[in-house]
Amino acid sequence: MFRSRIMTRAEKRIPMAVAVRIAGHAAMPGVETTFTEDVSARGAKVYSARRWRADERLQIATLTGNFQSVARVAWCLPARDLGFAVGVEFLEPAGDWVVAPHAAAPGATAP
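Counting from 1 along the sequence shown, just add 260 to a position and that's the residue number in the working numbering.
Following this line, the structure appears as structure tokens:
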């Protein structure tokens, strides 16, 4: 019997093109300069000339600014005229990403 699995995002994606570098493809070494289509505090949708496999790890860094992270490939789908659309989840973010994680609620104290 077929069961449909519905996944919901913890955070909404924001449409935003951000220039990034990605690297770490096992079969095609090298650095690729590309861009995002949408972003959230925990991940992004990027375009790549390479086909990636779910759960592969890659390095991602912004071309401007100081953000970099190891990321997990969540999914990879063909994208007409753009190679592949790749959903990535940031695993080890460092630096300032274009979307900040949720701030603490007003009046809350830090642990």
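Glycine included, every Cβ here is placed at the ideal spot set by N, Cα and C.
Query                                                                                                              : Result
Figure out for me which residue from E316, A309, L351, P353 has the closest Cα to the Cα of P338.                  : A309
Does W357 pass the burial test, meaning 16 or more other C-beta atoms within 10 Å, or should it be called exposed? : buried
G325: buried (16+ other C-beta within 10 angstroms of its C-beta) or exposed?                                      : exposed
Compare the Cα-Cα distances from A331 to each of L318, I274, T293 and report the closest residue.                  : L318
Out of I320, V299, W335, state which residue places its alpha-carbon closest to the alpha-carbon of L351.          : I320
Bridge partners of W335, per DSSP?                                                                                 : G347
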